[in-house]
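In the numbering used here, the protein residues as written are 7 to 531.
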């Protein structure tokens, strides 16, 4: 078939707009502030072979791993064959998931035939999925402590919700009403994607739409090959460290050997640390997401970030390592904290090959805060989850942005008004953290600080990193300032480590100060 470049551009934008519309439906119909305010969600379209064709500009750590979720949904031998009107739900990190709060719904798209033409998928971070602490981001040592593990199961069968499956799930979470609302929003998002894809196939014909979907994947592959070919050939090494695992293991090394040869790249992470007791272990899907994100950022053309981007790249991990953990390792923090450090390591290696195209390290953490308790205003249990923004690294041309979510998180900041309306908190102060960005010819962006008072008895868990060492600078730029966690108990302030759990009483306070980005170039230049 002859490819029409104009029609190719039309399909590129149509597929992407379908994903964006799915995300908009999910945002507007969700119950939890984490989804409707922060937009901690992702939507994408896949081929029948589970190759990602298009995605919306949502959460990078979700999207690179979602093809594995679709594969698990389609190939699981315990499931009946997927029929029209079915939707498969899963969150198992060892079957295509990332960590348990991220629930994925996968649905087939039929258009008159007996085989699906496409799949659509939505993934959203639910602010509680059970487990040992409210918010399901605990200081865990096993996957079983982190919440309900959902293998691929049909949450919808031939257009009807499987009420027994839903009931079983809702009985094991702290906020069942909110969970049911968010799951319903994901179902509606998938239905919106199915409707739009059917309209597309009715207009152009299923064969043409599928053909251009496959062509878009091939196109992204060619553009990625050209991008890799522009990097000088060679072997580039870099290492960085996680502060700790929250269970006594400090200075956890992540090591990369990057080999660029022609139009292909090989990333060898096998020298990284063994998996640890704490929850900073990452499954291989997380590592793949980080690789996809970084290399997609190198491409100058406006291409779809789809499965074609990974075809010229080989990723080597070691099963049983912190970047390819084995069941039943604790992984709640791997999706959020370790993913950020993987990006730092990949960018660090690339900075030795193409220094003028790579920024200094950004904050390198997501600063995860979960708080749970009972809200007397409503007489209901609440679970609050949020990641906090920080400073971005400077580049050879610009200062780093301040107070933004960077790299593997792409969420928004929850407005103070929404936070105080929804939860029994008061935000006493919220702003940029002056002087936290690394000095340099171009300075790193500033982190933020947020000072919160709780109004009811509650339990807080914080998973954060870059509390011991700051994000690195490049070309003699200085490090960004590390973050800091403080709690005020009975009128006295106490410093807490990057990963901690605390029981708070009414009037107790919490301050999270996030890292600044690294600087670029000598401050004297």
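Positions of the beta carbon are idealized from the N, C-alpha and C atoms, including for glycine.
Assignment of residue 49 by DSSP, reduced to helix, strand and coil, places it in the strand class. With respect to residue 103, residue 223 sits apart: the two C-beta atoms are not nearer than 8 Å.
Minimum Cα-Cα distance from residue 143 among the listed residues 339, 450, 430, 453 corresponds to 339. Counting along the chain, the unbroken alpha helix (DSSP H) around residue 74 starts and ends at 72-81. Between the beta-carbon of residue 158 and that of residue 56 there is about 12 Å, and that puts the pair past the 8 Å contact cut. By DSSP's assignment, residue 259 forms a beta bridge with 247. Between the C-alpha atoms of residue 165 and residue 456 there is a straight-line separation of about 44 Å.
In the three-state DSSP reduction, residue 142 falls in the coil class, being neither helix nor strand. Excluding the 5 residues flanking it on each side, residue 352 has same chain C-beta neighbours closer than 6 Å at 300, in chain order. Burial state of residue 415 is buried, judged by a 10 Å Cβ sphere holding 16 or more other Cβ atoms. Contact between the stretch 378-396 and the stretch 504-521 is established, with three or more Cβ pairs separated by less than 8 Å. The alpha carbon of residue 462 has as its nearest neighbour, out of 358, 248, 512, 250, the alpha carbon of 512.
Distance check between residue 91 and each of 256, 447, 29, 116 places 116 closest, using alpha-carbon atoms only. Nearest neighbour of residue 481 by Cα position, chosen from 294, 366, 198, turns out to be 366. The stretch 269-287 makes contact with the stretch 326-340, as at least three CB pairs between them are under 8 Å. Residue 295 sits in a helix when the DSSP states are folded into three classes.
In this structure residue 218 is buried. Its beta-carbon is surrounded by 16 or more other beta-carbon atoms within 10 angstroms. Annotation: residue 363 is outside any alpha helix (DSSP H) and is labelled neither H nor E by DSSP. Approximately 5 Å separates the beta-carbon atoms of residue 370 and residue 472; this is inside 8 Å, confirming the contact.
In this structure, the beta-carbon distance from residue 441 to residue 450 does not fall below 8 Å. The alpha-carbon separation between residue 128 and residue 13 amounts to approximately 27 Å.
Annotated as proximal: residue 234 and residue 266, with beta-carbon spacing under 8 Å. The residue from 439, 435, 368, 438 with its alpha-carbon nearest to that of residue 526 is 368. Looking at the DSSP output, residue 274 sits in a beta bridge with 263, 322.
Around the beta-carbon of residue 238, fewer than 16 other beta-carbon atoms lie within 10 Å, marking it exposed. The three-state reading of DSSP puts residue 28 in helix, counting H, G and I together. Distance check between residue 171 and each of 183, 156, 181, 112 places 156 closest, using alpha-carbon atoms only. Per DSSP, the unbroken alpha helix (DSSP H) holding residue 235 starts and ends at 212-235. By the beta-carbon neighbour count (other beta carbons within 10 angstroms, threshold 16), residue 201 is exposed.
Within the same chain, 71, 74, 102, 104 come within 7 Å of residue 291 by CB-CB distance, once the 5 residues on both sides are set aside.
Between the stretch 399-418 and the stretch 489-501 there are fewer than three C-beta pairs closer than 8 Å, too few to call the two in contact. Separation of residue 529 and residue 400 (C-alpha to C-alpha, rounded to the nearest whole angstrom) is 12 Å. Assigned with DSSP and collapsed to three states, residue 17 falls in helix. With a minimum length of 3 residues, the unbroken runs of beta strand (DSSP E) contained wholly in the stretch 120-193 fall at 124-131, 159-163. Taking all protein chains shown into account, residue 484 has 16 or more neighbouring C-beta atoms within 10 Å of its C-beta and is therefore buried. In terms of CA proximity to residue 403, 448 leads the group 135, 385, 304, 448.
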